[in-house]
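Chains as they are written, first to last, in our numbering: chain H, 2 to 243; chain L, 2 to 243.
See structure below.
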DNA sequence: ACCTGAACACCGTTCAAGT
DNA sequence: ACCTGAACACCGTTCAAGT
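As structure tokens, this is what we get:
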């Protein structure tokens with residue numbers, strides 16, 4: 002450990018080394034525990050030394066996002082727009098899932114970086130190459146939203162009922178009764194979902210399946226609109242075309 | 002101002018008063034400037050006084066979310082599932098848009114509160130009442146994701162090009178050339194979008210339109226699956242039913 | 001028993017003093 | 001000119017001392 006620090010001290014700092022260490026540290030201890038001070042300590046330098054390579058913490062986070070975006074596979078060629086888009090999204094999903102902090106950081110970014118813009122540009126290119134009109138491409142990008150990054154807000158991120166299995170049987174029963182009374186529909190859906198899944202509550206959802214379910218619903222919808230030649234453009238008289 | 006503080010000091014603190022003040026303060030100064038210390042100051046009390054009404058900051062944020070969720074209109078009756086769901090989502094959207102911090106706080110919450118569970122429960126109820134199977138209801142809820150809260154991650158939140166119009170003409174032209182070279186597709190889509198919109202870059206997107214576009218794509222998809230009697234349930238031999 | 005000021009263990013970042 | 005320790009202005013929360 003001390004050896005690592007010593008070795009690290011010998012190699013001169015660089016922006017890349019700072020970013021790589023930040024990604025690694027966030028992977029290990031979580032994004033909320035990633036501070037400039039802690040990162041500096043990990044690199045064996047004084048906190049202020051970081052500020053020569055990143056302007057501030059905001060720029061550090063931008064750089065970290067770029068590093069993750071770089072891990073997304075390039076678009077496959079000659080596969081048809083639908084398959085190309087689908088594969089790309091699932092590749093993005095894989096990259097983002099490997100760094101659990103990446104989703105939140107990406108969402109919180111307001112200044113889009115070159116890497117992010119580049120990804121979006123190539124993404125739009127897949128639709129345009131597939132014959133989509135510029136107009137439809139625009140709306141379709143909005144509809145995908147953060148799904149183009151391979152994620153959507155999962156409403157039960159880490160279900161709080163992880164401790165459910167640790168609870169005493171009578172406490173479980175009481176919670177069950179309360180759920181049945183106050184949230185009958187949730188209970189119905191949750192128990193059905195875990196039917197062939199895992200435990201009674203929680204763990205029942207296959208995130209990957211749900212993600213692809215929604216993705217394919219949208220892609221099918223896009224396909225239908227594309228075939229119809231749908232557009233949101235107004236005609237000269239101001240009435241919508243459709 | 003001092004009068005307000007004086008008046009506030011006279012009324013005894015309560016959980017509701019703390020939460021209301023927190024919502025108001027977040028509306029005014031933004032969520033990142035909302036601190037326990039600042040909130041206490043606004044209420045004319047010592048910071049530690051807050052801890053008698055909320056266990057910690059996390060619980061304060063939970064309470065704030067609940068307050069916003071309470072602003073969402075109840076489901077309309079006898080309107081058909083599609084219309085009911087649509088109206089509810091758009092009502093949620095209105096509530097969430099009135100408090101720009103609410104989206105981020107809602108997303109960051111991991112322990113779902115009773116109010117949030119109640120909303121989700123009534124949301125599932127709309128599909129079930131519309132004749133959806135429990136199975137389809139489950140997947141459909143996942144597909145809606147955060148859209149059921151009336152928002153989706155807008156990829157250009159506050160476009161950084163707000164300052165674009167402030168730039169010198171030659172700087173604008175240079176940026177334009179760089180965009181054309183590095184991000185040709187983004188440029189194409191952006192200029193087309195702002196065709197009947199506003200300026201050349203940015204301001205071109207009607208968020209409300211884009212939101213409803215995606216929402217309706219999904220609702221139409223749900224309708225189709227519902228009519229087909231789609232299900233993800235496995236048959237006895239383990240093969241998917243469809 | 002209740003209330004609260006001081007203190008603790010952190011932040012990101014500035015700045016001036018040291019080399 | 002470069003580097004960096006101390007300092008500034010904050011956090012959320014603990015805790016003991018005061019009433």
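No residue lacks a Cβ here, since even glycine has one placed at the ideal position from N, Cα and C.
Interface residue (Cβ-Cβ distance to chain H less than 8 Å): residue 177 of chain L is not classified as such.
If only uninterrupted beta strand (DSSP E) runs of at least 3 residues are considered, none is enclosed by the region 30 to 70 of chain L.
For residue 126 of chain H, the residues of chain L that pass the 9 Å Cβ criterion are 185 and 186, in the order they occur in the chain. The contact set of residue 222 of chain L on chain H, defined by CB atoms closer than 7 Å, consists of 218, 221 and 222 in chain order. Fewer than three Cβ pairs drawn from the region 177 to 195 of chain L and the region 61 to 77 of chain L lie within less than 8 Å of each other, which leaves the two stretches out of contact.
For the pair residue 215 of chain H and residue 132 of chain L, the CB atoms are not nearer than the 8 Å cut-off. At a cut-off of 8 Å between beta-carbon atoms, residue 214 of chain H makes contact with chain L.
A straight line joining the alpha-carbon of residue 181 of chain H with that of residue 189 of chain H spans about 8 Å. Burial check for residue 111 of chain H: the Cβ neighbour count within 10 Å stays below 16, so the residue is exposed. Residue 36 of chain L is classed as exposed because its beta carbon has fewer than 16 other beta carbons within 10 Å across all chains shown.
The beta carbon of residue 57 of chain H sits no closer than 8 Å to any beta carbon of chain L. A direct Cα-to-Cα measurement between residue 217 of chain L and residue 140 of chain H gives close to 12 Å.
Here residue 95 of chain L is exposed, its C-beta having fewer than 16 other C-beta atoms within 10 Å. Chain H places no beta carbon closer than 8 Å to that of residue 79 of chain L, leaving this residue out of the contacts. Around residue 114 of chain H, the same chain offers 63 and 67 as residues with beta carbons nearer than 6 Å, after the five sequence neighbours per side are excluded. Close CB contacts of residue 220 of chain H within its chain, under the 6 Å cut and outside five residues either way in sequence, are with 83 (chain order).
Considering only L/70, L/90 and L/99, the residue with the shortest C-alpha distance to residue 127 of chain L is L/90. Closest in C-alpha terms to residue 29 of chain L, from the list L/212, L/47 and L/99, comes L/99. For residue 186 of chain L, the number of other beta carbons within 10 angstroms of its own is at least 16, and it is reported as buried. Sequence-ordered contacts of the region 106 to 121 of chain L with chain H read 108, 109, 111, 112, 113, 115, 118, 119 and 121 [C-beta pairs closer than 8 Å]. Looking at the backbone, the Cα of residue 27 of chain L and that of residue 55 of chain H are separated by about 30 Å. Remark: fewer than three beta-carbon pairs, one from each stretch, lie closer than 8 Å, so the region 69 to 77 of chain H and the region 35 to 51 of chain H are not flagged as touching. Residues of chain L whose Cβ lies closer than 8 Å to the Cβ of residue 189 of chain H are, in chain order, 125, 129 and 135. Contact annotation, residue 143 of chain H with residue 211 of chain L: C-beta distance approximately 4 Å; criterion of less than 8 Å satisfied.
Residue state for residue 100 of chain H is assigned as coil, using DSSP reduced to three classes.
If you draw a 10 Å sphere on the C-beta of residue 103 of chain L, you find 16 or more other C-beta atoms in it, and that means buried. Residues of the region 60 to 93 of chain H with a Cβ closer than 7 Å to any Cβ of chain L: none. With a threshold of 16 other beta carbon atoms within 10 Å, residue 86 of chain H meets it and is buried. Not flagged as an interface residue toward chain H: residue 23 of chain L, since no C-beta distance is shorter than 8 Å. Taking a 10 Å sphere around the C-beta of residue 134 of chain H, we find 16 or more other C-beta atoms and assign the residue as buried. Residue-level contact check: residue 211 of chain L touches chain H, since one or more beta carbons of chain H fall below 8 Å from its beta carbon.
The residue from L/109, L/179, L/59 and L/224 with its alpha-carbon nearest to that of residue 138 of chain L is L/224.
Distance from the Cα of residue 209 of chain L is smallest, within the candidate group L/229, L/152, L/176 and L/173, for L/152.
Assigned with DSSP and collapsed to three states, residue 120 of chain L falls in helix. CA-CA distance, residue 49 of chain L to residue 21 of chain L, rounds to 18 Å.
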